[in-house]
Amino acid sequence: MPLLKRPAASMASKGSSKATARASASAKAAKAKADAVEKAAQASRKKPRVVDPLDQKCASVMAGLRHAALPMDTAEMLTVMLESAMRTTREERHSIEASVLDMADETLSGVEAQIMEKVATTTAAIEELQAAKASKHADAEEAERTAVAALEVAQNKKRALAEVALSFQARRKGAQEAHRAAAARARAVEEAAEKRSRLQVAQASWLRSLIEGDQDEAKMRELVEALATVIRDFQIDSSIQAALPNAGCKPPSQRGPFDTMVLVQLEAELAKRVEAVEAEIRDGRAAAAADAEAEGAAEAALQEAQVLQLASAKEFQAAAADRDAAKAAHDAAIAERIAVEPRILRREKELAAAERRVAALREGPKAALAELRDRSAPAVATAPEPAAALQSAVAPEPVEEAAPESAEEAEDLRREAEELKEAKGKLAEQAVNSSESVEEVAMPVPEKVMGAEGEAGVEASAATAGA
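Written out as structure tokens, the structure reads:
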């Protein structure tokens with residue numbers, strides 16, 4: 119019986135072989151592609167093209183005029199005719215070509231004059247801003263001195279207000295104490311008057327009734343108890359208080375010498391107490407009058423201190439307002455002085471840019487145009503002497519290897535030659551058939567203000583000429 123392979127193992131082996139083959143083919147294709155790219159890059163590399171100085175100068179002049187603000191028809195005509203005129207030497211130049219070069223020079227001079235006017239106006243603006251900055255600086259210093267003086271005045275007014283406030287508080291305290299003293303004196307006088315009234319009632323009414331005995335026994339006992347209370351309150355002799363109930367409750371006819379002596383002694387003691395209280399009332403009223411006068415004086419001093427405090431507070435408020443206004447004026451002056459500095463910097467940058475533009479114009483397009491206009495034909499070489507000719511014939515001249523040119527470079531040179539020939543033909547045709555065109559070309563070009571793009575073009579032209 120023949121052996122059979124397992125289908126699954128056979129299929130796995132075939133799949134692995136196919137994957138390996140595909141990977142190898144992809145690697146080869148990638149390597150071939152990389153080699154092709156490298157060969158194409160090597161083939162596309164060119165040697166650096168040698169730029170003719172004449173072409174450089176012409177390009178610089180054309181770049182400078184390209185951004186000048188000229189009418190479209192004038193710019194087109196000037197561009198067409200100027201290319202041929204710049205490539206012609208002074209000896210071979212036609213009068214029309216000389217007029218075209220003069221027109222280009224006048225145009226560049228107009229651009230230069232406009233840039234110089236910008237330089238002058240910017241310089242004047244900078245000087246004006248510098249003067250304004252100096253003035254603002256002086257204003258800020260004056261405002262600072264004013265603010266410092268106002269601050270000092272406000273501080274003095276604040277200290278004066280504090281002193282007046284302390285005086286007011288002291289006088290208010292004195293007025294309060296005087297008022298309390300007068301009130302206490304008045305209460306003492308009132309209390310003394312009440313004591314006097316009570317003693318007088320006890321002496322004239324109660325004790326007199328007991329001495330005369332015109333009351334019944336119960337009433338007499340009530341009067342004895344009332345008198346006993348007065349004796350205790352006014353601290354009269356305790357022996358009288360002890361003997362009064364027995365002596366006072368007896369009818370007059372039954373009293374003995376001791377009883378009579380007790381009542382008489384009590385009457386004398388009450389009289390003394392009345393006299394002492396009356397003296398206290400007199401002294402209290404005199405002291406109360408003095409207290410009232412002192413209270414009035416303290417109240418008047420308090421009112422005066424209050425008026426002074428209010429006036430001092432108003433003065434401080436006014437000084438504080440002046441201080442705040444002076445500080446605000448100082449801050450505003452500083453802000454105005456600071457605000458001038460960015461404007462000066464901006465103007466200085468504008469001046470530097472304008473100076474760079476005029477330098478680029480003079481060193482680039484104008485210098486190139488002057489060189490092209492004054493360019494002469496090269497001198498014709500004289501015939502060499504026989505010995506020199508023989509020597510030159512014998513000795514081989516060193517041959518300078520020329521860099522091979524590609525087909526594209528040859529085509530560019532051919533195209534430029536055809537364009538130059540065509541431009542010369544148009545110029546000759548315009549000179550012969552149209553006198554109006556000649557007059558238009560010879561007319562001076564009005565000066566125009568060159569924009570930011572034109573100024574950048576002049577700088578680019580200068581950079582190209584310098585290279």
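Numbered per the working numbering, the sequence shown spans residues 119 to 585. Just so it is clear, CB atoms sit at the ideal spot from N, CA and C, and this is done for glycine as well.
Straight-line spacing of the CA atoms in Ile214 and Arg493 works out to 17 Å.
Inter-segment contact for the stretch 398-408 and the stretch 230-242 is absent: fewer than three beta-carbon pairs are separated by less than 8 Å. For Thr239, the enclosing alpha helix (DSSP H) begins and ends at Ser213 to Val319. In summary, Val382 is exposed, with fewer than 16 beta-carbon neighbours lying within 10 Å of its beta-carbon over all protein chains present. Given a length threshold of 3 residues, the stretch 426-463 has no whole run of the beta strand (DSSP E) inside it.
Our two residues, Ser217 and Leu172, have alpha carbons roughly 20 Å apart in a direct line. Scanning Asp351, Gly366 and Ala299 for the CA closest to the CA of Asp334 turns up Gly366. Between Ala416 and Gly331, the gap from beta carbon to beta carbon reaches 8 Å or more.
Looking from the CA of Ala311, the closest CA among Lys484, Leu479, Asp409 and Glu396 belongs to Glu396. With respect to the 8 Å criterion, Arg316 and Val342 are not classified as neighbours on the basis of their beta carbons. Separation of the CB atoms of Val271 and Ala406 is rounded to 48 Å, and the pair is thereby denied contact status at 8 Å. DSSP, reduced to helix, strand and coil, places Lys175 within a helical segment of the structure shown. The C-beta separation of Gly182 from Leu219 comes to about 13 Å, leaving the pair out of contact by the 8 Å criterion. Under the Cβ criterion (8 Å, minimum of three pairs), the stretch 362-378 does not count as touching the stretch 283-299. In this structure, the alpha-carbon of Ala386 lies about 15 Å from that of Ala361. The three-state reading of DSSP puts Thr207 in coil, since its state is none of H, G, I, E or B. Pairing Arg305 with Arg441, the inter-Cα distance amounts to about 54 Å. Contact annotation: the stretch 320-327 does not touch the stretch 412-430, with fewer than three C-beta pairs closer than 8 Å. Closest in alpha carbon position to Lys432, among Lys254, Lys275, Ala222 and Pro189, is Lys275.
Beyond the five residues adjoining it in sequence on each side, Glu262 comes within less than 6 Å, by CB distance, of His448 in the same chain, given in chain order. Per the coordinates, the alpha-carbon of Ala394 lies some 53 Å from the alpha-carbon of Ala278. By the criterion of a C-beta distance shorter than 6 Å, Leu490 is surrounded in its chain by Lys175 and Met204, once the five residues flanking it on both sides are discounted. Excluding the 5 residues flanking it on each side, Glu466 has same chain C-beta neighbours closer than 8 Å at Ile244, in chain order. Ile456 is classed as exposed because its beta carbon has fewer than 16 other beta carbons within 10 Å across all chains shown. If the five residues before and after Arg290 are omitted, its C-beta is found closer than 8 Å to the C-beta atoms of Leu420 and Ala423, all from its own chain and listed in chain order. Going by C-alpha positions, Lys337 is about 9 Å away from Leu328. Collapsing the DSSP output to three states places Phe352 in coil. With a threshold of 16 other beta carbon atoms within 10 Å, Ser357 falls short and is exposed. When the alpha-carbon of Leu247 is set against those of Ala154, Ala296, Val458 and Ala346, the nearest one is in Val458. When rounded, the separation of the alpha-carbon atoms in Ala150 and Glu230 is 60 Å.
When Val179, Met199 and Lys390 are compared, the shortest CA-CA separation from Asp223 is found for Val179. Membership of Ser327 in the alpha helix (DSSP H) is indicated by the continuous run Arg326 to Glu330. A buried status is given to Met221, since no fewer than 16 other beta-carbon atoms sit within 10 Å of its beta-carbon.
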